[in-house]
Amino acid sequence: MIKVTLIILDESLRKIISEKEIKVELSEDKATIEGLISDVAMKYGGFILEVLSKPAKNSILLNGQDIEFLGYFNAKLSDGDRVAIIPLVSGG
Amino acid sequence: MVGGYAGKILRVNLSKGSFTVKDLDLSLMRSLIGCLGVASKIMLEEVDPSVEPLSAENKLILATGPLTGSTAPAANKSAVISRSPLTGIWGEAIFSANCGIELKRAGYDMIIVEGKSEKPVYLWISDGVVDIRDAGSIWGMDTFTSCEAIKGDLGERDAAVACIGPAGERLVRLAAIISDNGRAAGRCGLGAVMGSKKLKAIAIKGSQRINVADQDMLNRLRSEIIETVRERMKPFSDYGTARGVVAFEEMGNLPVKNWTKGRFPGAEKISGMRMAETILAGRKACFACPVACGRYVRISSGKYAPLEGYGPEYETIAALGSLCMNDNLEAIAKANDLCNRFGLDTISVGATISFAMECYERGIITRDDTDGIDLVWGNDEAIIRMIELIGLKKDFGAILGEGSMRATNIIGRGAERYAMHSKGLEIPMHNPYRFKEMGLQYATSERGACHLRGLSMLPARGVLIPDLGFDKKIDGFSIEGKAHLVKVMQDACRVIDALGICKFIVFFGGIPLRRVAELYTAVTGWETTLEDLMRAGERIWMLQRAFNVRMGVRRKDDTLPKRFLEEPMCEGAAKGQIVELEPMLNEYYSERGLDDEGKPKIEKLRELSLDFAIKFIE
């Protein structure tokens, strides 16, 4: 098992998952962004999928780097990783 | 008749107490779009390297754009331009001051102030009136009190005023110009130029209509644009520009501890969300803006009470917050208010205090140097005290008020290693370790390190600009293609600035740049394409480069603090990164048409129809 931290900075998602950070345990075979999202969707409901399906509004970062450059939903996760869902229009 | 332009340039000589009015050369506006471009030409032609920034011979220009004051969305910007006393090169600061709008209504596109008054004065401009008035009783007052006093003196409550505070009067090189609607022409020390001319303020009220060639077209475009902008920028309305603090910390963009750290545990405490939950008392919109990202704050208890006034922006929060390891939001609001009242640039002030804190930690300076102030990281009371001393040009504040580049010369002992500036302008609050394009942008911005002269990290942050060819995310850690990105974004920002509209609503609001060209067409009546606008942006950048070359800027100056080039970031998202500037710069010079020394190539100037500039750089 690995343990990763999910950081939620999207306001609509924060209404569902009230904490800023949650710890998620994943088995080795589910240690990808896709595995993480399906795990969280199982626990908190499919709403998260709707939020994540709007790439014009949010980015997903793995240890600060956009998953778009890390294999997108196939990006591999390791123990201790930080995954953040952040809004694009985040200020100047 | 062409719309948008008032058609006149006012030139005021404070030494002689006289003024002249000339027609704006409209044929020039076809190629330069706005008075930012005209001012670039005037500065190149009239200010030679012998003109000291704080001398009577230097000029201070207030320049509007063709959209300024029209009902185009957020058409509220004007530029203040001079040779900077902080950097010695192109000095410019853009703000959404109401005085720019009133200037257009009074019948002028631009004011050029020359000479120097013997005693404190302010300039009063209204329909058909240009008056140089005594400011003896106002000299010494803070900025907001000055604005009110001037309105009282004139008996004109609706006049728009932009003024300097005690910092500008004392020629502090970090001095800003503050407008009565709480906006700052902050950077490059232009407040000190006003101070050197004994010009306390410019007050303007006009009643003329700003002509619009096709008001129906403008109305249609405005209503189409506003709906999208409101929806997309709701987070800016709700949380201001500081919404991004926590996200920036997570992605490695937030500057921490004079750029030595990549994580800041206090990020949430200084975020726009926390502000909204605590001290936010209202939102402030600039003229014709549907967003209102400006903050208004109130503190009613605790050591920084009572305080009520304009709240800090993201840049201020980072500069006086995370950069100094200060996570006290109320202290940042107090620091911001003090900077506004003294008339100081919050970015350069925060960056210079942060530099001093690092020197203090390293023992380069001690309490003996700081006049007893304990400049340890995160000491909010020390930050507040330092701002007061900088504003008053007193004790150690007199040294820091010179800006970090000059302060290193005074302090010595290797302090220059920790001064974070490019060409003398302190680095603003987006991280070049994280977004390499920002490194190249800082190294090549015409006024020194500037985030707004390009905003080139936007495509990497997912804010796409398809009609400039940036239709998918760009990897911020890579240097590939960054020269082209920076050049194009710089040109785009130059022309947006010249038009007189807010670049935040253009980019964050998702207004296609072709729509911006249509706005210009609607206002002026001149058919104009995006390509025309981009060409004008390139011309303006190149004229300002030519000015800088005339002032002695060469390739060696297009650089960054050694920290970014040599010391890898130790933690956070950008861990292990440095800025690989040289390869980006080589490519950039070729994109720009600069020679190996950094001078514009003659054929490039000809290609841009800027032949008149050639003689100034040879």
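Which chain is which? The protein sequence lines are S and H, in order.
Mapping the first sequence onto the working numbering, position 10 (from 1) lands on 10, and the numbers just tick up by one.
In the working numbering, each residue carries its 1-based index in the second sequence increased by 1000.
Where is the CB? At the ideal position from N, CA and C, for every residue including glycine.
Since the model is a prediction, treat every value here as computed from it, not as a measurement.
Check, Outcome
"Close Cβ partners of Ala1162(H) (< 6 Å) along its chain, the five nearest in sequence each way excluded", "Ala1097, Cys1099, Ile1177, Ser1179, Ile1202"
"Residue(s) in a DSSP beta bridge with Val1129(H)", "Ser1126(H)"
"Within 8 Å, strictly: CB atoms of Glu1437(H) and Met1457(H)", "yes"
"Helix, strand or coil at Asp1134(H) according to DSSP, with G and I counted as helix", "strand"
"Within-8 Å CB hit, Phe1144(H) to chain C", "The question asks about chain C, but that chain is absent: this structure's protein chains are S and H."
"Whole-angstrom distance between Arg1263(H) and Ser18(S), CA atom to CA atom", "23 Å"
"Unbroken stretches of the beta strand (DSSP E), 3 residues or longer, contained in the region 1221–1292 of chain H", "1280–1284"
"Sub-8 Å separation of Val83(S) and Ile60(S) beta-carbons", "yes"
"Per DSSP, cross-strand counterpart(s) of Trp1090(H)", "Arg1083(H)"
"Gln1208(H) burial status per 10 Å Cβ neighbour count (16 or more: buried)", "exposed"
"Span separating the alpha-carbon of Trp1124(H) from that of Arg1606(H)", "41 Å"
"Boundaries of the beta strand (DSSP E) in which Phe1435(H) is found, first to last residue", "Taken as a continuous stretch (DSSP letters only), Phe1435(H) belongs to no beta strand (DSSP E), as it is neither H nor E."
"Proximity below 8 Å, CB of Gly1537(H) to CB of Asp1491(H)", "yes"
"Closer than 8 Å to chain S by CB, Glu1277(H)", "no"
"As assigned by DSSP and simplified to three states, the class of Lys1059(H)", "coil"
"Per-residue contacts from Glu68(S) into chain H (C-beta, under 7 Å)", "Lys1473"
"Beta carbon proximity, Ile37(S) to chain H, threshold 8 Å", "no"
"Burial state of Glu1118(H) (16 or more Cβ within 10 Å)", "exposed"
"Alpha helix (DSSP H) segment containing Gly1168(H), residue limits", "1166–1169"
"Whole-angstrom distance between Ala1093(H) and Thr1278(H), CA atom to CA atom", "31 Å"
"Segment contact flag, the region 1032–1042 of chain H with the region 1056–1073 of chain H, C-beta cutoff 8 Å, min 3 pairs", "yes"
"Asp1558(H) burial status per 10 Å Cβ neighbour count (16 or more: buried)", "buried"
"Minimum Cβ-Cβ distance from Ile48(S) to chain H less than 8 Å", "no"
"Buried versus exposed, by CB contacts within 10 Å (16 or more), Asn1586(H)", "exposed"
"Contact set for Pro1255(H): own chain, Cβ-Cβ below 7 Å, skip 5 residues either direction", "Ala1318, Ser1322, Leu1323, Met1429, Asn1431"
"Simplified DSSP state of Ser1040(H), which is helix, strand or coil", "helix"
"Neighbouring residues, chain H, relative to Ala75(S) (Cβ below 8 Å)", "The premise fails here: Ala75(S) is roughly 14 Å from chain H at the closest Cβ pair, so nothing lies under 8 Å."
"Span of the alpha helix (DSSP H) around Asn1586(H)", "1581–1592"
"Start and end residues, beta strand (DSSP E) containing Ala84(S)", "82–87"
"Neighbour flag for Leu9(S) against chain H, beta carbons, 8 Å", "yes"
"C-alpha distance - Ala1074(H) paired with Cys1502(H), whole-angstrom precision", "6 Å"
"C-alpha gap between Ala1135(H) and Val1229(H), whole angstroms", "42 Å"
"8 Å Cβ cutoff met for Tyr1310(H) and Arg1295(H)", "yes"
"The region 1046–1056 of chain H in contact with the region 1263–1273 of chain H per 3-pair CB rule at 8 Å", "no"
"Reference Pro1085(H); option with closest CA among Pro1235(H), Arg1187(H), Cys1493(H)", "Arg1187(H)"
"Residue-level contact to chain H via CB, Ala84(S), 8 Å cutoff", "yes"
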